[in-house]
Amino acid sequence: MNEKMFCFQCQETAGCAGCKISGVCGKTPQVAHAQDLLIYVLKGLGVIANHHQHGCGLDYCDFRKSIHAFVNDALFSTITNANFDAESIYARIDKGLELREMFKDRVTNKKGIVLPKLDVLEWNCPREQYDEKALTVGVLAETNEDIRSLKELTIYGLKGMAAYLEHAARLGQVDGDINEFILQTLGQLVTCYDANELTALVLKTGEWGVKAMALLDKANTTAYGNPEITEVNIGVGNRPGILISGHDLNDIEQLLEQSKDTGIDIYTHSEMLPAHYYPKLKKYSHLKGNYGNAWWKQREEFESFNGPILFTTNCIVPPTANATYKDRVNCIVPPTANATYKDRVFTTNSTGFPGWKHIPADANGKKDFSEIIALAKTCQAPKEIETGKIVGGFAHEQVFALADKVVEAVKSGAIRKFVVMAGCDGRMKSREYYTEFAKALPKDCVILTAGCAKYKYNKLGLGDINGIPRVLDAGQCNDSYSLALIALKLKEVFGLDDINQLPIAYNIAWYEQKAVIVLLALLSLGVKNIHLGPTLPAFLSPNVAKVLVENFGIGGISTVEEDMRIFGI
1 MNEKMFCFQC QETAGCAGCK ISGVCGKTPQ VAHAQDLLIY VLKGLGVIAN
51 HHQHGCGLDY CDFRKSIHAF VNDALFSTIT NANFDAESIY ARIDKGLELR
101 EMFKDRVTNK KGIVLPKLDV LEWNCPREQY DEKALTVGVL AETNEDIRSL
151 KELTIYGLKG MAAYLEHAAR LGQVDGDINE FILQTLGQLV TCYDANELTA
201 LVLKTGEWGV KAMALLDKAN TTAYGNPEIT EVNIGVGNRP GILISGHDLN
251 DIEQLLEQSK DTGIDIYTHS EMLPAHYYPK LKKYSHLKGN YGNAWWKQRE
301 EFESFNGPIL FTTNCIVPPT ANATYKDRVN CIVPPTANAT YKDRVFTTNS
351 TGFPGWKHIP ADANGKKDFS EIIALAKTCQ APKEIETGKI VGGFAHEQVF
401 ALADKVVEAV KSGAIRKFVV MAGCDGRMKS REYYTEFAKA LPKDCVILTA
451 GCAKYKYNKL GLGDINGIPR VLDAGQCNDS YSLALIALKL KEVFGLDDIN
501 QLPIAYNIAW YEQKAVIVLL ALLSLGVKNI HLGPTLPAFL SPNVAKVLVE
551 NFGIGGISTV EEDMRIFGI
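So the sequence shown is residues 1 to 569, counted in the working numbering.
Here it is, written out as structure tokens:
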């Protein structure tokens, strides 16, 4: 066999079937194996948790909290494009095994609980045998494709949920019950082989996903205020800059505070764009603008930025030699040392890449960005790649404030249809469909968006309807929660019995696991007839896909013209 690994968790997986030699994302077999083994470690912690039910109220103990925090970080580190550093994944495996033994001791010796004899609770080996062990516990270790599909769908939902919980925790918002659901669900995936029970678990994951997104929304708005309608500069100034990418608002706040009055500017990149919408972050005058586009264009844009780059979360694209995006289809180019920006990139939190400096947090969550700031002072100002402004900040409270105006536009017929085009962008040429779809929408249709999918159309100048922009950007991918609240509010205002009676179509682009939890959350809220593209997930077996189609109306995309007809546009 030529297969060296197996991973099919992202939209760009090779042949829409699975990456077997190396990841399309740039992940090596070594990293893929390490991530598989880390998930196996987490499942062991979950099995123990299932035998030691623990309330997360007043008796929410520090040890359980430490396990929850570890699990969230570990899951986050396995999200697509988050961590390419095998050594950092190995360190998490080591820590997980240590926690497992401590956890076992607590429940067996101190609580008198008898744990089952399972490999997931007992295996151990030196690091040099991790690869060998991983080959026995990876995705394909489950041979029944339907059971495998349901389990992986759940795991990918948990990964997305863990990412949101980690962001919320950094802002002081922790919900032990949500964390405990993740932990115990991981354990259930070890022992459950019933398709009906696993299907129920998938749907339950969506319900808890709504709670996780609500928690992060609370964390963000409590810390920084409700997003406001904001014009964001996409040009550059004449001072050196730092480019911050990813999703973590706590990191950009710390960077802004440490860099004020230093003579440098801060630019957002990709999913960090919505930082400009928050009142507390907008107060920093050196938050200069947004540089570039979605994550997949970073190689050329990082070169032209000239200054240091900080990754707070995914999405990292490994730097390559002679890389070009003219051939944006499933190309795998091994990472090299030839990218000139490689010495200007820093990571933090769950992210990592070999050779890039990692910025840790202290016990209080504080980080020292002085090295990045000092480096920026030695760099040239960013090269201008575009000019103008883009508008965003249409999260739930802002849209609620415009509710009367929106309702009147709908009642008068000025707005005939809303189209939710939230989700992820990506490098495949087939994603140009979303640009063409946005261009083809009649002028009485409004796009509701969140996530980096917006970059396919947020610079098209689609105009407005009676002062309401035709692209309403709620923010990051997790702000799809805002779109759900907006839909529920419209349902209430129009006195409808079913959210699916609204004049809303769902044409969502997905890429990685945070999009999976958004999808499951929408399904849990009763939303039907969601179309996913540019391809349906490879991890959905034919039978599981059939269940989603028959029960929820899940569909793919075809041509712009045909999909317009299907959506009744």
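The beta-carbon is built from N, C-alpha and C at its ideal position, and this holds for glycine as well.
message = Applying the 10 Å Cβ sphere with the 16-neighbour rule, what's the burial state of D479?
response = By the Cβ neighbour-count rule, D479 is buried, with 16 or more other Cβ atoms within 10 Å of its own.
key: For L574, the nearest candidate out of V345, L520, I182 (CA to CA)   = Residue numbering for the chain in the displayed model covers 1 to 569; residue 574 lies beyond these limits and cannot be assessed.
task = Would you list, in sequence order, the uninterrupted alpha helix (DSSP H) runs of no fewer than 4 residues that lie entirely inside the stretch 79-149?
result = Whole alpha helix (DSSP H) segments, 4+ residues: 86-105, 119-122, 130-134.
task = Could you tell me the distance, in whole angstroms, from the CA atom of V31 to the CA atom of E122?
result = Using only the alpha carbons, I get a separation of about 23 Å.
key: For L536 and G556, believed in contact at Cβ under 8 Å, the rounded distance   = With a Cβ gap of about 5 Å, G556 and L536 count as contacting.
ask   = If we ignore side chains and look at the alpha-carbon of each, how far apart do E231 and L38 end up?
value = In this structure, the straight-line span from the alpha carbon of E231 to that of L38 is close to 42 Å.
request  = Tell me whether R431 is buried or exposed, calling it buried when 16 or more other Cβ atoms sit within 10 Å of its Cβ.
outcome  = In this structure R431 is buried. Its beta-carbon is surrounded by 16 or more other beta-carbon atoms within 10 angstroms.
inquiry  = Beta-carbon within less than 6 Å of T205's beta-carbon, same chain only, minus the 5 sequence neighbours each way: which residues are those?
reply    = Once the five neighbours on either side are set aside, the close Cβ partners of T205 are T154, G157, L520.
ask   = With burial defined as no fewer than 16 other Cβ atoms inside 10 Å of the residue's Cβ, what is the status of G57: buried or exposed?
value = With a pLDDT of 49 at G57, under the threshold of 50, the predicted position of this residue should be treated as unreliable, and no value is reported.
request  = Pick out whichever of K283, S304, E101, H286 has its Cα sitting closest to the Cα of N293.
outcome  = Nearest of K283, S304, E101, H286 to N293, Cα basis: S304.
request  = Give a yes or no on whether the minimum CB-CB distance between G138 and chain D is below 8 Å.
outcome  = In the structure shown, chain D does not exist; there is a single protein chain.
message = Taking its Cβ as the centre, do 16 or more other Cβ atoms sit within 10 Å of A376, making it buried, or is it exposed?
response = It counts as buried.
inquiry  = One question on the structure: do D248 and T320 come within less than 8 Å of each other, judged by their Cβ atoms?
reply    = If you check the CB distance, D248 and T320 do not come in under 8 Å.
message = DSSP has S245 in a bridge; who is on the other side?
response = Beta bridge pairing from DSSP links S245 with F311.
Neighbour-count burial assignment, S88, 16 or more Cβ in a 10 Å radius = In this structure S88 is buried. Its beta-carbon is surrounded by 16 or more other beta-carbon atoms within 10 angstroms.
task = Could you pull the start and end residues of the alpha helix (DSSP H) that K297 belongs to?
result = Neither: K297 is in no alpha helix (DSSP H) and is coded neither H nor E.
request  = Return the bridge partner residues of F494 from the DSSP annotation.
outcome  = In DSSP, F494 forms no bridge with anything.
query = Do three or more CB pairs link the stretch 78-95 to the stretch 218-230 at distances below 8 Å?
reply = No, the stretch 78-95 is not in contact with the stretch 218-230.
task = Let me know if K43 comes out buried or exposed under the rule of 16 or more other beta-carbons within 10 Å of its beta-carbon.
result = When all chains shown are included, K43 counts as buried.
request  = Give a yes or no on contact between the stretch 494-506 and the stretch 227-243, applying the rule of three or more CB pairs nearer than 8 Å.
outcome  = Flag = no, the stretch 494-506 and the stretch 227-243 do not touch.
message = Please return the same chain residues whose Cβ sits closer than 6 Å to the Cβ of Q380, not counting the five positions on each side in sequence.
response = Around Q380: N306.
ask   = Considering only C-alpha positions, which residue in the set L189, L523, Y511 is nearest to E12?
value = Out of L189, L523, Y511, Y511 has the C-alpha closest to the C-alpha of E12.
ask   = By the 10 Å Cβ neighbour count, where 16 or more other Cβ atoms means buried, how is D177 classified, buried or exposed?
value = Label assigned to D177: exposed.
key: Whether I67 touches V107 by CB criterion (8 Å)   = Their beta carbons are not under 8 Å apart, which means I67 does not touch V107 by this criterion.
query = Anyone know if the C-beta pair for A212 and Y278 falls short of 8 Å?
reply = Result no, Cβ atoms of A212 and Y278 do not sit closer than 8 Å.
ask   = First and last residue of the alpha helix (DSSP H) that includes F567?
value = Start and end: 560-567.
Contact the stretch 361-374 vs the stretch 173-192: 3+ CB pairs below 8 Å = With the rule of 3 Cβ pairs closer than 8 Å, the stretch 361-374 does not count as touching the stretch 173-192.
ask   = With which residues is Y267 paired in a DSSP beta bridge?
value = Listed as beta-bridge partners of Y267 by DSSP are L243, G289.
query = Cα separation between K366 and A34?
reply = The alpha-carbon atoms of K366 and A34 are separated by roughly 28 Å.
query = Looking only at its own chain, which residues have a Cβ that is under 7 Å from the Cβ of L588, when we skip the five neighbours before and after it?
reply = Nothing about residue 588 can be reported from this structure: the residues present for the chain run from 1 to 569 only.
Sequence-distant residues of its chain with Cβ nearer than 7 Å to D265 (five each side left out) = Shown here for D265: same chain residues with a beta carbon closer than 7 Å to its own, the five before and five after excluded, namely G237, R239, G241, H286, K288 in chain order.
ask   = How many angstroms separate the CA atom of I21 from the CA atom of A14?
value = If you take the alpha carbons of I21 and A14, they lie about 9 Å apart.
task = Measure the alpha-carbon distance for C477 versus K514 and round it to whole angstroms.
result = Cα-Cα distance, rounded: 7 Å.
ask   = Between T262 and G46, which are expected to be in contact by the criterion C-beta below 8 Å, what is the C-beta distance as a whole number of angstroms?
value = At roughly 45 Å, the Cβ-Cβ gap does not stay under 8 Å, so T262 and G46 are not in contact.
Secondary structure of Y325, DSSP reduced to three states = Low local confidence applies: a pLDDT of 31 at Y325 is under 50, so the model's placement there is unreliable, with the coordinate-based value given in what follows. In this structure, Y325 counts as coil in the three-state DSSP scheme.
ask   = Going by beta carbon distance, what residues of the same chain come within less than 7 Å of R92, once the five residues before and after it are set aside?
value = Excluding residues within five positions, the ones whose Cβ falls inside 7 Å are L38, A74, S77.
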